[in-house]
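Asker: Once you've had a glance at the structure underneath, I'll fire off some questions.
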Amino acid sequence: MKKFIVLLFSLFNIALAQKSNLAFETKFYDAEDQWVVFNKNDKQNTYALGFIYMDPQKGYTYKYEGELEYKNNKFHKIPRLDTSSNIMVRLDPNTFDVLPLNDEQIKYLQLNPQPEWLKPYKENSDFLQNRVQRASWMNGAGASIKALPILQKAYQEDPHFPGLEFELGYAYNATGSFYKAVIVLNKAIENNPSNFWYYRELGFSLKHLNNLPEAEKVYRKGIELASDKTQIAEMAINMAQSYFHAKDKPKFDEWKVIVVQNSEPDSQYRAYLNYYEENWYRDR
């Protein structure tokens, strides 16, 4: 029986960019259900071969299938020494771009275009819960543009389905559709006024619409409901950033206090504060 090794790290350490005549230009989320190759670094002689798929429970995943050599304008398989384990890597926004294999390459390497092991991951994919979860993984991967049509369709079916309104609001924000996010999130708050996540996203929308008074009100309500200091610090730094750009020092100082109260000295939030203060008179 094969053992499964799940490696919970990004491919940041597996593939480093290098110059070649091969085009590693495809985002991993645009290569779902495809055989792909990751680039090698200068010290490597081989390329990593694998298959990218969506695990409904864990998100975008890369199943490693061995190493390839590239000779005479063709990829060639290298015998895999250890076939006793399956290596899966969870993919995140730091993952390097890939090279999807074309039909001719797949045939030459004797690969199954759609492996048998993939079928269980496709079961019940049309269920509303699974569609929303799929879109959530897309949002987390930086593929909100792909998540939007899934979420919009789901919203037409059941607008208050658990988690849906947040994911749709997030996707609208991520793609710059801030007005649409405001509409969805205001309706979400009407239905469930105690959900902190709605206020977090709505504050972000209003901030980017330059409606700072309303953004401030919404974020303060979100802070009131939040129990996680990291989330409080994130909302506060968003407002501090806005008042930095507006050169409103009293308001900046108000939100600076909240950031400091809810973040560690070596956190990214403190680093942002230091930057804003050091550049207060430069960025005009």
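Under mature numbering (1 follows the signal peptide of the UniProt record, and there is no 0), the letters of the sequence shown match residues -17 to -1, 1 to 267, in that order. Even for Gly, the Cβ is constructed at its ideal location relative to N, Cα and C.
1) Taking DSSP's pairing of strands, which residues face VAL20 in a bridge?
2) Between VAL81 and the rest of its own chain, which residues show a CB-CB distance below 7 Å, the 5 nearest in sequence each way excluded?
3) I'd like to check one pair, GLU148 with ALA118: are the Cβ atoms closer than 9 Å?
4) As a quick exercise: from SER210, THR158, ASN113, ALA198, pick the residue whose alpha carbon is nearest that of ILE128.
5) Strictly by DSSP, which residues pair up with TYR43?
6) From GLY186 to LEU92, what distance separates their C-alpha atoms?
7) For LEU74, which of helix, strand or coil comes out of DSSP?
8) For TYR264, which three-state DSSP category applies?
9) For the putative contact between ASN175 and ALA164, defined by C-beta atoms under 8 Å, what is the C-beta separation to the nearest angstrom?
10) Is the distance from the Cβ of HIS88 to the Cβ of PHE58 below 9 Å?
11) When we look at the beta-carbon of residue 299 and count the other beta-carbons within 10 Å, is it buried (16 or more) or exposed?
12) Should THR78 be labelled buried (16 or more other beta-carbon atoms within 10 Å of its own) or exposed?
13) Can you say whether SER246 is buried or exposed, counting buried as having 16 or more other CB atoms within 10 angstroms of its CB?
14) Does DSSP classify GLU217 as helix, strand or coil?
15) Please report the distance separating the alpha-carbon of VAL240 from that of ILE220.
16) Closer than 8 Å by C-beta to PRO96: which residues in its own chain qualify, once you throw out the five before and the five after it? Chain order, please.
17) Which one or two residues does DSSP pair with GLU197 in a beta bridge?
18) Mind reading off the beta-carbon distance from ASN122 to ALA154? Whole number of angstroms is fine, and I expect it under 8 Å.
19) Out of curiosity, what's the CA-to-CA distance linking ILE61 and GLY49?
20) So, are the CB atoms of MET71 and LYS46 less than 9 Å apart?
21) Output yes or no for whether 9 Å exceeds the beta carbon distance between PRO76 and ALA130.
22) What are the residues that DSSP puts in a beta bridge with LEU208?
23) Return the residue from the list LYS204, ALA171, SER160, PHE34 that minimises the CA-CA distance to ASP141.
24) Quick one: what does DSSP say LYS234 is sitting in, helix, strand or coil?
25) Taking the alpha carbon of ASP38 as the reference point, which residue from ARG63, TRP100, ALA223, PRO83 has its own alpha carbon closest?
26) Exposed or buried, which one is THR44 when buried takes at least 16 other CB atoms within 10 Å?
27) Verify the CB distance criterion: does GLU150 have a CB-CB separation below 9 Å to chain B?
Answerer: According to the structure data:
1) When DSSP reads this structure, VAL20 sits in a beta bridge with LEU32, LEU82.
2) Spatial neighbours of VAL81 in its own chain (CB-CB distance under 7 Å, excluding positions within 5 residues in sequence) are listed in chain order as PHE7, THR9, PHE11, ALA14, VAL19, VAL20, PHE21.
3) Not closer than 9 Å, so no.
4) Selected option, being the one with the closest Cα: THR158.
5) DSSP lists MET37 as partners of TYR43.
6) Answer to the nearest angstrom: the Cα atoms are 51 Å apart.
7) In the structure shown, LEU74 sits in coil (DSSP, three-state: anything other than H, G, I, E or B).
8) In the structure shown, TYR264 adopts coil according to DSSP, grouped into three states.
9) About 16 Å separates the CB atoms of ASN175 and ALA164; that is not less than 8 Å, and the two are not in contact.
10) Position check: residue 88 holds Gln in this sequence, whereas His was assumed. Their beta carbons are under 9 Å apart, which means GLN88 touches PHE58 by this criterion.
11) Not covered by the structure: residue 299. The range shown for the chain is -17 to 267.
12) Classification of THR78: buried, given that the 10 Å Cβ count is 16 or more.
13) Of the other Cβ atoms in all chains shown, 16 or more fall within 10 Å of the Cβ of SER246; this residue is therefore buried.
14) DSSP, reduced to helix, strand and coil, places GLU217 within a helical segment of the structure shown.
15) Using only the alpha carbons, I get a separation of about 10 Å.
16) Short of 8 Å from the beta carbon of PRO96, and not among the five residues preceding or following it, lie these beta carbons of its own chain, in chain order: TRP18, ASP86, ILE89.
17) BP columns for GLU197 are empty, so no partner.
18) With 8 Å as the limit, ASN122 and ALA154 qualify as a contact, their Cβ atoms being about 6 Å apart.
19) For ILE61 and GLY49, the distance between alpha carbons rounds to 7 Å.
20) Cβ atoms of MET71 and LYS46: closer than 9 Å.
21) The beta carbons of PRO76 and ALA130 sit no closer together than 9 Å.
22) DSSP, once it has assigned bridges, lists no residue as partnering LEU208.
23) Out of LYS204, ALA171, SER160, PHE34, ALA171 has the C-alpha closest to the C-alpha of ASP141.
24) In this structure, LYS234 counts as helix in the three-state DSSP scheme.
25) If we check each option's Cα against that of ASP38, TRP100 comes out closest.
26) Counting the other CB atoms within 10 Å of its CB gives THR44 a total of 16 or more, which places it among the buried residues.
27) As a matter of chain content, chain B is missing from the structure shown, which is built from one protein chain.
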